Amino acid sequence: MNTAVRWLDAHTHLDSDDLFSQKSEVLDRALAAGVIRLLLVNSEASESSFSRTLECSRLAHPVQRSVCFGVHPHNATSYDTAMEARLRSLLREPEVVGLGEIGLDFFYNYSPPEVQIDAFRKQLRVALDQELPVIIHCRDAYPQLSEILRNASQSWKGMIHCYTGTVEEMAPLLDLGFFISFSGIVTFKKASVLQTSAKAVPLDRILVETDAPYLAPVPFRGKVNEPSYVVHTARFISALREIQDEELATAVNRNFDQLFGAGRVAPNGRTV
Numbered sequence: 039m040n041t042a043v044r045w046l047d048a049h050t051h052l053d054s055d056d057l058f059s060q061k062s063e064v065l066d067r068a069l070a071a072g073v074i075r076l077l078l079v080n081s082e083a084s085e086s087s088f089s090r091t092l093e094c095s096r097l098a099h100p101v102q103r104s105v106c107f108g109v110h111p112h113n114a115t116s117y118d119t120a121m122e123a124r125l126r127s128l129l130r131e132p133e134v135v136g137l138g139e140i141g142l143d144f145f146y147n148y149s150p151p152e153v154q155i156d157a158f159r160k161q162l163r164v165a166l167d168q169e170l171p172v173i174i175h176c177r178d179a180y181p182q183l184s185e186i187l188r189n190a191s192q193s194w195k196g197m198i199h200c201y202t203g204t205v206e207e208m209a210p211l212l213d214l215g216f217f218i219s220f221s222g223i224v225t226f227k228k229a230s231v232l233q234t235s236a237k238a239v240p241l242d243r244i245l246v247e248t249d250a251p252y253l254a255p256v257p258f259r260g261k262v263n264e265p266s267y268v269v270h271t272a273r274f275i276s277a278l279r280e281i282q283d284e285e286l287a288t289a290v291n292r293n294f295d296q297l298f299g300a301g302r303v304a305p306n307g308r309t310v
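Per this note's numbering, the sequence shown starts with residue 39, numbered consecutively.
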């Protein structure tokens, strides 16, 4: 594998039980694979998850890390005034570059749809108030997602993480300004519809991610995912689009900078 190409993982949960206990080793393996930047996202709406995410961002290591905090639609029932106050507090941490992941999941419906929609709208208002990009989760709810976003604002700064939709479902999201991020699902044998989307998205709007510890790409499907595996997803997309790895890596790094900025300075002075 060519580690001279510099990759990033635009969405990973290093605070998760599967990865947190080996966080230093995970970062070492990412660096060895050529992954030099990570966006860390809390995996639960809990104090443990929040503190673990910050700890992972402040660990001394050459891999650059920035952070997003949000309440996932699975946890929408926990979103109340106290949670919003806590979220606003977390968003003031110097490593934070965005709000998320937030959104809609009408596949699992761990929280009732109407509760998900309410929590989503409230967090969108926080993001607009704080002028932060949004990181959005969506499953089986793309029409509703586009409508809510369009009604809240005609111009967004954000990414649709782990995109699983069609080219047609992607179009209104691109029109609203979103970047589209692809996970290891795109490498799956039966993901032809998603592969078509990965070929169609403009190069200046594409991102790649792991969503680790979930959704490991081929050839690691079914195993615990980790940031180093993003290289396999990225190289699959390069081949799919018939471009060189370097061209895709340059694009995703440029897109990440456009969305989140070149970095924020952590308390220890390290640029993240």
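Backbone N, C-alpha and C define an ideal beta-carbon position, used for all residues, glycine too. Given the structure is predicted, the values throughout are model-derived calculations rather than measurements.
| Query | Result |
| --- | --- |
| Would a C-beta distance cut-off of 7 Å place G141 and P111 closer than the cut-off? | yes |
| Would you report the Cα separation of D167 and P257, rounded to the nearest angstrom? | 42 Å |
| Output the distance between the C-alpha atoms of G215 and L286, rounded to the nearest integer angstrom. | 20 Å |
| Does the distance from the CB of V314 to the CB of A236 come in under 7 Å? | Missing from the structure shown is residue 314; the chain here goes from 39 to 310 and no further. |
| What number of angstroms, rounded off, separates the C-alpha of F58 from the C-alpha of S191? | 36 Å |
| Looking only at C-alpha atoms, which of R44, S81, D53 sits nearest to L97? | D53 |
| Kindly indicate which three-state DSSP category S235 falls into: helix, strand or coil? | helix |
| Just the Cα atoms here: how many angstroms apart are V268 and P255? | 8 Å |
| What does the Cβ neighbour count give for I281, buried or exposed, with the cut at 16 atoms within 10 Å? | exposed |
| Need the endpoints of the beta strand (DSSP E) that L77 sits in, please. | 73 to 79 |
| So N291 and L46 are supposed to be a Cβ contact under 8 Å. How far apart are they, rounded? | 6 Å |
| Looking only at C-alpha atoms, which of L297, I244, V262, Y252 sits nearest to I275? | I244 |
| With DSSP as the reference, identify every bridge partner of Q102, one or two as the case may be. | R75 |
| Hey, could you find the ends of the beta strand (DSSP E) F58 is sitting in? | That residue, F58, is in no beta strand (DSSP E); its alpha helix (DSSP H) goes 55 to 58. |
| If you follow the alpha helix (DSSP H) that E85 is in, where does it begin and where does it stop? | 85 to 96 |
| Which partner residues of C176 appear in the DSSP bridge assignment? | L142 |
| Since I174 and E139 should fall inside the 8 Å C-beta cutoff, what is the C-beta to C-beta distance between them, to a whole number of angstroms? | 7 Å |
| Expressed to the nearest angstrom, what Euclidean distance is found between the alpha-carbon atoms of T50 and A68? | 12 Å |
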